[in-house]
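This report concerns only the one structure given below.
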Amino acid sequence: MKVGVPRELKDNEYRIAITPAGVRELVVLGHPVLIERGAGEGSSISDTEFERAGATIVPDADVVFSESEMVLKVKEPIEEEFPRLREGLILFTYLHLAASEPVTRALMDSGTTGVAYETVEFPDGSLPLLAPMSEVAGRMAPHVGATWLEREHGGRGVLLGGVSGVRPARVVVIGAGMAGLNSAWIAQGMEAEVVVLDKNINKLRDIDRIHQGKILTLASNRLAVEEACLSADLVIGAVLVPGARAPRIVTEDIIKEMKPGSVVVDISVDQGGCFETTKMTTHSDPTYVVHDVVHYCVGNMPGAVPHTSTYALTNATLPYVVALAEEGLKGAVQQDPGLAKGVNVHQGSVVYEPVAEAHALEFHEFDALS
Ligand SMILES: NC(=O)c1ccc[n+]([C@@H]2O[C@H](COP(=O)([O-])OP(=O)(O)OC[C@H]3O[C@@H](n4cnc5c(N)ncnc54)[C@H](O)[C@@H]3O)[C@@H](O)[C@H]2O)c1
């Protein structure tokens, strides 16, 4: 199967949907890979590196789309890309179709099969192609927090790890899932005092087992959250209730009582945020201050580290890319029902129920045999 990878066109998107390692894997298995010239530049991967791995560099996206049977992207197509969609093409990317009727209709009208990273599932219902970005955002949060804790950035001027004879910063992480666990881990590695809260005691047990008391774990409830936040220099919000808006766990009253110059990083902002005072910000203007507390609420944190994010994302997508290339759509989804969950639009129909519901479109059961 010919696989194509264009440059991402969405504003401020620097990732690319394949790495040289992915190219080599596909090429060795007999699947030619076409990459648009310069598509890896934003992630610091050169055309030469892709060529060395066996890819063919082509001059523009029109060639990528027209000559490939499957196109790999990072973000959903934008309007400029709609005319390149066509019947029989497989498009494997983050699609977020429930949030966009125009993209849904562009896939339906063109007859492109849209396979969405974000709805591919593992047998336990977890989402393997979303997890790597939570890992990146989680690991970034203590770095970001440390920067904004500096006095010149409006913080209270506390060094995260302290120094000999001086207390380190106290970092409170709310949510012990993929993002929260990684935040706590990095903050502890930077020698801060770290407290993690979660409603799910099993998640806290895992942290205790791994970190053996170096990270304090607390069952999450109103009083525990309040006490933890009032003693914190940095609070990281990393909760998720799948399919729902994030619960507003930290109230404005708590924010009012926090130490002046303390910092909150709300990773959960993409689901509405877990601080009552959260509003979405961007990398170009990442923070604002409420009641003397610096708020960092960037919705696409991994965008700041596209090289790492590209590798993290493609490590997770590559096995599915290989399965699709080797087996074709039908064979691959028959072998892996979790990948079948990724198919959102097929042969002009919406085959993923929440997308059909979101846009009041007719839902058709996906039949891999058709
Ligand atoms: N801002 C960004 O750039 C960015 C990047 C990646 C992910 N995210 C977001 O980060 C959030 C976390 O993702 P994740 O993959 O870590 O999710 P996850 O499912 O792995 O973990 C979420 C955790 O929150 C806990 N939780 C739920 N309700 C709670 C409550 N009331 N009190 C305490 N804990 C509670 C759950 O028990 C779970 O352990 C999601 O909203 C995700 O979309 C944001």
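When the letters of the sequence shown are read in order and numbered with the numbering used here, they come out as residues -12 to 357.
From the three backbone atoms N, C-alpha and C, an ideal C-beta is built for every residue, glycine too.
- When rounded, the separation of the alpha-carbon atoms in Arg73 and Gly98 is 6 Å.
- Of all alpha-carbon atoms in Leu94, Gly224, Glu88, the one lying nearest the alpha-carbon of Val285 is that of Gly224.
- The C-alpha of Ala26 lies about 15 Å from the C-alpha of Gly9.
- Residue range 48 to 54 is occupied by the alpha helix (DSSP H) that includes Phe52.
- Per DSSP, the continuous beta strand (DSSP E) segment holding Leu59 begins and ends at 57 to 59.
- Its chain contains Leu21, Val51, Ser55, Val58 as the residues whose beta carbon lies nearer than 6 Å to that of Gly(-9), once the 5 sequence neighbours on both sides are disregarded; these appear in chain order.
- Within the DSSP bridge table, the entry for Phe69 names no partner.
- Remark: the C-beta of Lys186 is in contact range of ligand 1, defined as less than 6 Å to any heavy atom.
- If you draw a straight line from the Cα of Glu12 to the Cα of Leu300, it comes to about 16 Å.
- In terms of Cβ geometry, Glu108 and Leu82 do not form a close pair [threshold 7 Å].
- Here the region 160 to 174 lies against the region 252 to 261, with 3 or more beta-carbon pairs under 8 Å apart.
- For Leu76, no beta strand (DSSP E) run applies, since DSSP gives it neither H nor E.
- Contiguous alpha helix (DSSP H) elements confined to the region 277 to 322 occur at 293 to 322, taking only those with 4 or more residues.
- Exposure of Leu16 is indicated by the presence of fewer than 16 other C-beta atoms within 10 angstroms of its C-beta.
- Collapsing the DSSP output to three states places Asp354 in coil.
- Between Leu76 and Gly318, the alpha-carbon positions lie close to 16 Å from each other.
- Between ligand 1 and Ser170, a heavy atom-to-CB distance of less than 6 Å is absent.
- Leu205 has its Cβ no nearer than 6 Å to any heavy atom of ligand 1.
- Counting every other CB atom within 10 Å of its CB across the protein chains shown gives Ala86 a total below 16, marking it as exposed.
- Burial check for Arg209: the Cβ neighbour count within 10 Å stays below 16, so the residue is exposed.
- A Cβ-Cβ contact shorter than 7 Å links Arg2 with Val61.
- Leaving aside the five residues that flank Gly125 on each side, the residues in its chain whose CB is nearer than 6 Å to its CB run, in chain order, Ala166, Asn169, Ser170.
- A contact is defined here as three or more CB-CB pairs under 8 Å, and the region 179 to 190 fails this definition with respect to the region 257 to 267.
- Residue environment analysis places Ala206 among the exposed positions, since fewer than 16 neighbouring C-beta atoms fall within 10 angstroms of its C-beta.
- Inter-residue distance for Ser53 and Val330 is about 21 Å (C-alpha atoms, whole angstroms).
- One Cα belongs to Glu180, the other to Ala215, and the distance between them is close to 12 Å.
- Residue nearest to Glu68 within the set Leu84, Ile44, Ala93 is Ala93 (criterion: CA-CA distance).
- When the Cα atoms are used, Pro247 and Leu217 turn out to be separated by approximately 10 Å.
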